[in-house]
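There are 2 protein chains.
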Amino acid sequence: MTSMVSTPVPAISTRAAASAGSGDVASASPTTAASDSRRTILDTAARLFRKEGYAAVSLRDISAACGMKAGSLYYHFASKDEIVSEVLRIGVERVFAEVRASIDALGKDAAPEQVFRTAVRAHLRALLESHDYTSANIRIFGHVPAQIRAAQLPLRDEYEAVWADIIARLVPRRKKRSDELRFVRFFLLGAMNGTLDWFHAGHASVDEVAQRYASLALSGLLGASRD
Amino acid sequence: MTSMVSTPVPAISTRAAASAGSGDVASASPTTAASDSRRTILDTAARLFRKEGYAAVSLRDISAACGMKAGSLYYHFASKDEIVSEVLRIGVERVFAEVRASIDALGKDAAPEQVFRTAVRAHLRALLESHDYTSANIRIFGHVPAQIRAAQLPLRDEYEAVWADIIARLVPRRKKRSDELRFVRFFLLGAMNGTLDWFHAGHASVDEVAQRYASLALSGLLGASRD
DNA sequence: GTCTATAATCGGATAGAC
DNA sequence: GTCTATCCGATTATAGAC
């Protein structure tokens, strides 16, 4: 959600989950002891990175929370960088897949506004209740080494392209200049990702936040409140 | 911009700059060698924290960038925690003071929408072009030790109260429920603070971003574009 | 006020036993 | 696969010279 590089904009739902290399935790490989440990390490790392930040979490912290010793992590990963890269990648893959799936479920004739509201809800669900991976990504992305950030940009751009499409469908023909839409996209993603800084389960439901945020984005705070 | 604690809401511009303890860099104390060094250390720390994050910046990094040795910092500050606490405090004080000053300059009869647009511009200017302190605050707040965060909440709440007031003036009488306004405030501050993740000088001016963001917040992305 | 020197701890990473 | 043991550099912080 940071890059300003423009990328080819695929139509929504035309692309497969992309990459998903050999290490994709989400894919259903045959369960082995090694893959179990690998997944446990990544789950734990995502949870700790989300809570504490990137630099504040040591490999000793991760391994201890897994019931392992620090040296054992190196059987599964070559470095801390490799662990955090995987966590970041999976974080985007998941919110990406869920937003696209939620849109696809609406069918091809869904109204642009309905598509928008559905995507906002899916993004916020992934961020606030489903996935430590996605929330860890948003929270630590700006704090990992620049080299790791750079490697993640293509995947982020792919995900942002989905939002560019959703927004482009929504906005009337007039003023479709691409830098117009860029501002809208940054505005919306900034507001949504900012929920991580204040949302705590119990005060309001994720779906309520999603409804309010979608309405605010569509109509503004002076606009007619339709819900 | 994180707390959910409600605080007394002062009318805009009725309160002095609050606190501004003995160590306020912004206040004009007689310039001594010690206060010069103190200020240099804080300026440098703010710049590095903004760029690299909290945990990634060591006291050696700060002192080296000041042309000093690490041990010398301890003449001016008791710990890294004390340095970062000062940076965070000054960051809020400054954006606070500038937003309030920009509103005060409009006079008491300014239209709510004009007040809003002016405040958005002042906040974004402090964040994106004026102050490493303010941008450092936004970037690292969620990554400093919990104890430090907690100590900063009252000041943050004071600043958020200004926004609560600006927004309350703007919204029609209907539906002024406070949790309504809370969502609007979080939505807006999230979008504005998110600019840190993508804005780079040169592509667009801060004032252009401010205009677009204010319009989007007021009218939404379906609304009439009035600029 | 700033320096040097150092204490005490913790960090990522590696080698080899089991 | 996981553990133990260890290397080695970096970190915060302190003590005392100048």
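Quick mapping for you: the protein sequence lines, in order, are chains C and G. No gaps in the numbering here: position 54 of the first sequence is 54 in my numbering, and each next residue is one more. Quick note: to get my numbering, add 1000 to the position in the second sequence (first position is 1). Every residue, glycine too, gets a C-beta built ideally from N, C-alpha and C.
query: Amino acids of chain G, ordered along the chain, whose beta-carbon sits closer than 9 Å to that of C:Asn193; result: Gly1190, Gly1194, Asp1197
query: Neighbour flag for C:Gly142 against chain G, beta carbons, 8 Å; result: yes
query: Cβ-based neighbour list, G:Gly1053, same chain, cut-off 8 Å, excluding 5 preceding and 5 following; result: Arg1139, Ile1140, His1143
query: Cutoff 8 Å: G:Arg942 Cβ touching any chain C Cβ; result: Not covered by the structure: residue 942 of chain G. The range shown for chain G is 1001 to 1227.
query: Test item: CB-CB of C:Gly91 and C:His131 under 8 Å; result: yes
query: Proximal chain C residues relative to G:Arg1212, where beta-carbon distance stays under 9 Å; result: Glu180, Phe183, Val184, Phe187
query: Cβ shell of C:Ile83 (< 6 Å), same chain only, five flanking positions each side left out; result: Ala45, Phe77
query: Continuous alpha helix (DSSP H) stretch holding G:Arg1039: start and end; result: 1033 to 1052
query: The stretch 203 to 220 of chain C touching the stretch 1207 to 1225 of chain G, judged by at least three CB pairs closer than 8 Å; result: yes
query: Inter-residue Cα distance where the pair is G:Arg1156 and G:Val1171; result: 23 Å
query: Nearest-angstrom Cα separation, counted from C:Asp36 out to C:Ser71; result: First, the residue type needs correcting, since residue 71 of chain C is Gly and not Ser in the sequence shown. One C-alpha to the other measures close to 17 Å.
query: Check whether C:Val87 and C:Tyr133 have beta carbons under 8 Å apart; result: yes
query: Endpoints, the alpha helix (DSSP H) within which G:His1123 is located; result: 1112 to 1125
query: Inter-residue Cα distance where the pair is C:Gln114 and C:Thr195; result: 21 Å
query: Contact set between C:Val171 and chain G, taken where Cβ atoms lie within less than 9 Å; result: Leu1221, Leu1222
query: Min CB distance C:Gly91 to chain G below 8 Å; result: no
query: Below-8 Å beta-carbon distance, G:Leu1216 vs any chain C residue; result: yes
query: Partner residues on chain C for G:Ala1056, Cβ-Cβ distance less than 8 Å; result: Ala55, His143
query: Contact set between the stretch 116 to 141 of chain C and chain G, restricted to residues whose Cβ is under 7 Å from the partner; result: Arg139
query: Contact the stretch 1152 to 1169 of chain G vs the stretch 179 to 198 of chain C: 3+ CB pairs below 8 Å; result: no
query: Assumed close pair G:Pro1145, G:Asp1081 - CB separation to whole angstroms, cut-off 8 Å; result: 7 Å
query: C:Val57 - containing alpha helix (DSSP H), residue span; result: Unbroken run through C:Val57: none, as it is neither H nor E.
query: Best match in G:Ser1085, G:Arg1047, G:Val1099, G:Ser1063 for proximity to G:Gln1147 [C-alpha to C-alpha]; result: G:Ser1085
query: G:Val1184 to C:Phe186 span [Cα, whole Å]; result: 17 Å
query: Residues of its chain near C:Leu59, where Cβ-Cβ distance is below 7 Å and the 5 sequence neighbours each way are ignored; result: Ala70, Leu73, Lys80
query: From C:Asp109, C:Glu129, C:Thr31, C:Ala97, residue whose alpha carbon lies closest to that of C:Gly202; result: C:Glu129
query: Beta-carbon proximity list for C:Pro112, same chain, < 7 Å, skipping 5 on both sides; result: Arg169, Leu170
query: Inter-residue spacing [alpha-carbon to alpha-carbon] between G:Asp1061 and G:Ala1136; result: 16 Å
query: Extent of the continuous alpha helix (DSSP H) run through C:Trp163; result: 146 to 170
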